[in-house]
Amino acid sequence: MKDLVAQWVVDALSTEYSISGVLFVVEHPKDMSHGDFATNVALVAAKQLNKSPHEVADTLVTYLTAHKDSTVECIDVAGPGFINFTLERSVFIAGLADATKEGWGDTILWQDKRILIEHSSPNLFKPFHIGHLMNNAVGESMVRLARASGAQVTTLSFPSDISLGVAKAVFVLLEKYGAQYVPTDVAVLGDAYVEGVKRYEEDEGIHTRVRHIADHLYAGKSSDEWTLFQVCKKFNISYFEQVVARLGSHFDAYIYESEAGIIGARIVREHTPSVFVESEGTIVYVPESEKLHTAVFINSQGNPTYEAKDIGLLDLKFEQYHPDLSLFVTDAQQASHFAVVLDAAKKIVPEWDEKSLHRFHGRMTFKGQKMSSRLGGVPLASEVLDAVIEEVKEKNPDIAPLAAQQVGIAALKVAILRAQAGKNIDFDPDTSLSFVGDSGPYLQYTAVRAASLLAKAGDAAPSITHPIPGTELLERLIARFPETVTVAQQEWAPHHLVSYLLELAQNFNSWYGQGKIIDDDTAATAYRLAVVAAVRQTLTKGLFLLGIDVPEKM
RNA sequence: GCUUCCAUAGUUCAAUGGAUAGAACAGGAGACUUCUAAGCUCUUGAUGUAGGUUCGAUUCCUGCUGGAAGCACCA
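Residue numbers for the first sequence follow our numbering, so the first one is 1495 and each next one is one higher.
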């Protein structure tokens, strides 16, 4: 429709003024009272034509009005010279029927493309903490947006299983519990990690032993540390799967850092000195751009660093999944790291850089305190989740357990997703977490309320045959759902969707408060129910795309 | 020090270069014998600073101030 309007404007310009190539835009006016589409063409063309914007606009409107098609109700000039197009209401009324069909909001933006999405990559031995909640919320939403774009989506997690840090943890576990240790609590592993880091810093005497453990782990050499490591790794992964399942995520595949490291190290060595260079006993990459920094890929012990592991990961990703787009989500701290890795990667296989997209989110602080999972003191994701769910239950003691969990997760996820990814969030359960106003529970509540109305209607079936006044704004908002999804998909920006859903919910609740939906007027009731059904479906689908379920009751 | 990102109401966030800068929370006031009050109605209140580009700048460019992150063997 937007393209159609633009074409009309082009025709009008060429007929009335014999000009073309004017760089105007057609967009939705910010304020819906200004109509459905607006163009700035008169403002842009005025100077070139040496006439006032209003004069140009008036001339164009006369032409456009004479040539408009039946879907356009009126075309007028407003403000400094905008041309506003208002569509016939019938267009939107017909749209209500689409909104209750299967697949409402699905787009064809990436029809049949293969998209690989990596997110929620845990660090084994470090607990899944509050920061991972943010990564998971952003990542899962992108997965769902991608699936709704017609793409074939594969989800991947890249657990960090082997590192010097893990060797430090294994050192502590061996010392404390011995080689036969079987973990029963992730907190013990997290504590061991923190303690190991601390011991390593304080006591140089253990460095040799820890490095020795690291070498065995990297080499997969049969030993006490290897056995203990395997047991802990397995335990951690199953814990991880439980936590993300609770949050609504599932991973199709895992690639471990240990596998990626072996391949990455090989690739780096194969491309030395063509891409990488030896320096001070290490292998580094020196970017040409001043904006990027030199990074070590193979350390002086001969082990791959994070950088080389990411090269190996790229190889595995493209080798195994042949993605058209490989998206990965991390926090913003790693932005420059990946910029360097991709700069090196494009010299090995250009596709690795061209088809990769790094989306990052901000850092989550907790009550103003910076969190460091290496130094401890970070709330676990599950602890935060439990606390939030407890709060939901306090607020509504009658709520079903499943609903309480769904509401708690919605509160967390919307708190994260309503802001543009990339900004830091200071998470304070007392203030950040809202159950009222612009919040997840508000959206859920609205959807539940709509569902409740439909249930209450009994025999009265929704119908669009007898429209009544008062729902024009809602109808036009509902019609914008698919394009809002498209914008969120194009920009990988779920917050656009959150803004839209909040606006829809606010308008619906406002309308709801104005009078009865179900009354004695059967024709009018049927129409109102059609609007309710469309709103319910739109909210439910929109929340689904954010990774949020709508409870039965709340 | 170098590189990058950020700065909007008391607070948390919006605003493809457009029209009167939108919400929510907090504060103030109110309606309801009514379908879910996690709701509704009304109300107070903001673009860090100095320039530049533009018909038009929260948005683009430059300086300044303030904050965050990164900068060779952690991930």
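C-beta atoms are modelled at their ideal positions from N, C-alpha and C, and glycine is treated no differently.
When you compare only the Cα positions, how much space is there between Thr1565 and Val1516?
-> On the first sequence, residue 1565 is found 71 positions in, with the first residue counted as 1. On the first sequence, residue 1516 is found 22 positions in, with the first residue counted as 1. Approximately 25 Å, taken between the alpha carbons.
Cβ pair Val1666, Glu1689 closer than 8 Å | In the first sequence, counting from the first residue as 1, residue 1666 sits at position 172. In the first sequence, counting from the first residue as 1, residue 1689 sits at position 195. In contact: Val1666 and Glu1689 (Cβ atoms closer than 8 Å).
Can you tell me whether Ser1794 is buried or exposed, with buried defined as 16 or more other CB within 10 angstroms of its CB?
-> Mapped onto the first sequence, residue 1794 falls at position 300. So Ser1794 ends up on the exposed side.
Would you mind listing the beta strand (DSSP E) stretches within the stretch 1630 to 1663 that are 3+ residues and don't spill past its ends, in chain order?
-> 1646 to 1651
Throw me the rounded Cβ distance for the Ala1905 and Val1878 pair, which I believe falls under 8 Å.
-> Reading the first sequence from its first residue, position 411 is the one you call residue 1905. Reading the first sequence from its first residue, position 384 is the one you call residue 1878. Their Cβ separation, rounded to whole angstroms, is 11 Å, which puts Ala1905 and Val1878 out of contact at 8 Å.
If Ala1686 sits next to Ala1663, beta carbons under 8 Å apart, how far is it from one beta carbon to the other, in whole angstroms?
-> Counted from its first residue, the first sequence places residue 1686 at position 192. Counted from its first residue, the first sequence places residue 1663 at position 169. 4 Å between Cβ atoms; contact.
Beta-carbon proximity list for Leu1869, same chain, < 6 Å, skipping 5 on both sides = Residue mapping note: residue 1869 aligns to position 375 of the first sequence, counting from 1. For Leu1869, the pLDDT reaches just 46, beneath the cut-off of 50, and the residue's location in the model is therefore unreliable, leaving the point undetermined.
With a threshold of 16 other CB atoms inside 10 Å of the CB of Ile1962, please say whether the residue is buried or exposed.
-> Taking the first sequence and counting its residues from 1, the one referred to as residue 1962 is at position 468. When all chains shown are included, Ile1962 counts as exposed.
Run through DSSP, which three-state label would Met2048 get?
-> In the first sequence, counting from the first residue as 1, residue 2048 sits at position 554. Met2048 falls in the coil class under three-state DSSP.
What residue does the beta strand (DSSP E) around His1852 start on, and which one ends it?
-> The residue given as residue 1852 occupies position 358 in the first sequence. Counting along the chain, the beta strand (DSSP E) containing His1852 begins and ends at 1850 to 1855.
In whole angstroms, what is the alpha-carbon distance linking Tyr1750 and Ser1651?
-> For the purposes of this step, residue 1750 is taken as the residue at position 256 of the first sequence. For the purposes of this step, residue 1651 is taken as the residue at position 157 of the first sequence. Going by the C-alpha atoms only, they are around 8 Å apart.
Quick one, which of Leu1627, Leu1874, Gly1758 has its alpha-carbon nearest Ala1838's?
-> Start at 1 with the first residue of the first sequence, and residue 1838 comes out as number 344. Comparing Cα positions, the closest option is Gly1758.
Near Arg1970, which residues of its chain fall below 7 Å by C-beta distance, leaving aside the five closest residues on each side in sequence?
-> In the first sequence, the residue the question calls residue 1970 occupies position 476. Closer than 7 Å at Cβ, skipping near neighbours: Met1526, Asp1530, Phe1586.
Asp1497: which of Thr2032, His1522, Lys1670, Ser1512 sits nearest, CA to CA?
-> Here the question's residue 1497 lines up with position 3 in the first sequence. Nearest C-alpha to Asp1497: His1522.
C-alpha gap between Ala1875 and Val1908, whole angstroms = Position 381 of the first sequence holds residue 1875. Position 414 of the first sequence holds residue 1908. Answer to the nearest angstrom: the Cα atoms are 16 Å apart.
Taking Asp1742 as the reference, which of Lys2047, Phe2038, Tyr1733, Ile1761 has the closest Cα?
-> Along the first sequence, one-based indexing puts residue 1742 at 248. One point to set straight first is that residue 1742 is Gly, not Asp, in the sequence displayed. Gly1742 has its Cα closest to that of Phe2038, out of Lys2047, Phe2038, Tyr1733, Ile1761.
Enumerate in chain order the residues of its own chain whose CB-to-CB distance from Val1519 is below 8 Å, with the five nearest sequence positions on each side excluded.
-> Within the first sequence, residue 1519 is the residue found at index 25, counting from 1. Excluding residues within five positions, the ones whose Cβ falls inside 8 Å are Thr1533, Asn1534.
Specify, as a first and last residue, the run of the alpha helix (DSSP H) that Asp1825 falls within.
-> As a first step, residue 1825 must be located in the first sequence, where it is residue number 331. Note, Asp1825: premise wrong, no alpha helix (DSSP H); beta strand (DSSP E) at 1819 to 1825.
Is the beta carbon of Leu1711 less than 8 Å from the beta carbon of Ile1656?
-> To locate residue 1711, count along the first sequence from 1; it is residue 217. To locate residue 1656, count along the first sequence from 1; it is residue 162. Yes, these two residues count as a Cβ contact at 8 Å.
What's the gap between the Cα of Ala1713 and the Cα of Asp1809?
-> The residue given as residue 1713 occupies position 219 in the first sequence. The residue given as residue 1809 occupies position 315 in the first sequence. Each residue's Cα considered, the two are about 20 Å apart.
Same chain, Cβ closer than 6 Å to Met1865, five either side skipped, listed in chain order | Translated into the one-based positions of the first sequence, residue 1865 becomes position 371. Since pLDDT at Met1865 reaches only 49, below the 50 mark, its modelled position is unreliable, and no value is offered.
Spatially closest choice to Val1676 from Asp1697, Glu1719, Thr2034, by CA coordinates | Taking the first sequence and counting its residues from 1, one reaches residue 1676 at position 182. Cα-wise, what sits closest to Val1676 is Glu1719.
Please list, in chain order, all residues of the same chain as Val1942 whose beta carbon is under 8 Å from its beta carbon, the five residues on each side excluded.
-> For the purposes of this step, residue 1942 is taken as the residue at position 448 of the first sequence. For Val1942, where only same-chain residues beyond five positions count, the Cβ hits under 8 Å are Val2044, Pro2045, Glu2046, Lys2047, Met2048.
Looking at C-alpha atoms only, which residue of Arg1608, Glu1753, Gly1684, Leu1668 is the closest neighbour of Lys1620?
-> Looking up residue 1620 in the first sequence gives position 126. Cα-wise, what sits closest to Lys1620 is Gly1684.
Among Ser1830, Leu1627, Asp1600, nearest to Val1738 - alpha-carbon criterion = Within the first sequence, residue 1738 is the residue found at index 244, counting from 1. The candidate whose alpha carbon is nearest that of Val1738 is Leu1627.
So, using beta-carbon positions, are Val1550 and Ala1540 closer together than 8 Å?
-> Locating residue 1550 in the first sequence gives position 56, where the first residue counts as 1. Locating residue 1540 in the first sequence gives position 46, where the first residue counts as 1. For Val1550 and Ala1540, yes; Cβs fall inside 8 Å.
For Tyr1936, which residues from the same chain have a beta carbon less than 7 Å from its beta carbon, with the 5 sequence-adjacent residues on both sides left out?
-> Walking along the first sequence from the start, residue 1936 turns up at place 442. Answer for Tyr1936: Val1930, Ala1999, listed in chain order.
Residue nearest to Thr1978 in terms of C-alpha spacing, selected from Lys2035, Asp2013, His1561, Ser1830 | The residue given as residue 1978 occupies position 484 in the first sequence. Checking every option, the nearest Cα to that of Thr1978 belongs to Lys2035.
Residues near Ala1480 by beta carbon distance below 8 Å, same chain, minus five either side = Residue 1480 is absent from the model: the chain starts at 1495 and stops at 2048.
C-alpha distance - Thr1799 paired with Phe1791, whole-angstrom precision | The residue you call residue 1799 lines up with position 305 of the first sequence. The residue you call residue 1791 lines up with position 297 of the first sequence. Near 5 Å, if we compare the C-alpha coordinates of Phe1791 and Thr1799.
Would you list the one or two residues that DSSP bridges to Ala1747?
-> Translated into positions along the first sequence, residue 1747 becomes position 253. Note: Ala1747 sits in a beta bridge opposite Leu1650.
Start and end residues, alpha helix (DSSP H) containing Asp2015 = By one-based count along the first sequence, residue 2015 stands at place 521. Run containing Asp2015: none; DSSP gives neither H nor E here.
Check whether the Cβ atoms of Ile2011 and Leu1995 lie closer than 8 Å to each other.
-> Stepping through the first sequence from its first residue, residue 2011 is reached at position 517. Stepping through the first sequence from its first residue, residue 1995 is reached at position 501. No; because the gap between Cβ atoms is not below 8 Å, this pair is not in contact.
Which stretch, first to last residue, makes up the alpha helix (DSSP H) that contains Ser2004?
-> Numbered from 1 along the first sequence, position 510 holds the residue referred to as residue 2004. Unbroken alpha helix (DSSP H) run through Ser2004: 1989 to 2008.
So does the stretch 1725 to 1740 actually touch the stretch 1762 to 1775, counting three or more Cβ pairs closer than 8 Å?
-> no
What beta strand (DSSP E) runs, 3 residues minimum, are completely inside the stretch 1740 to 1796?
-> 1771 to 1773, 1776 to 1779, 1789 to 1792
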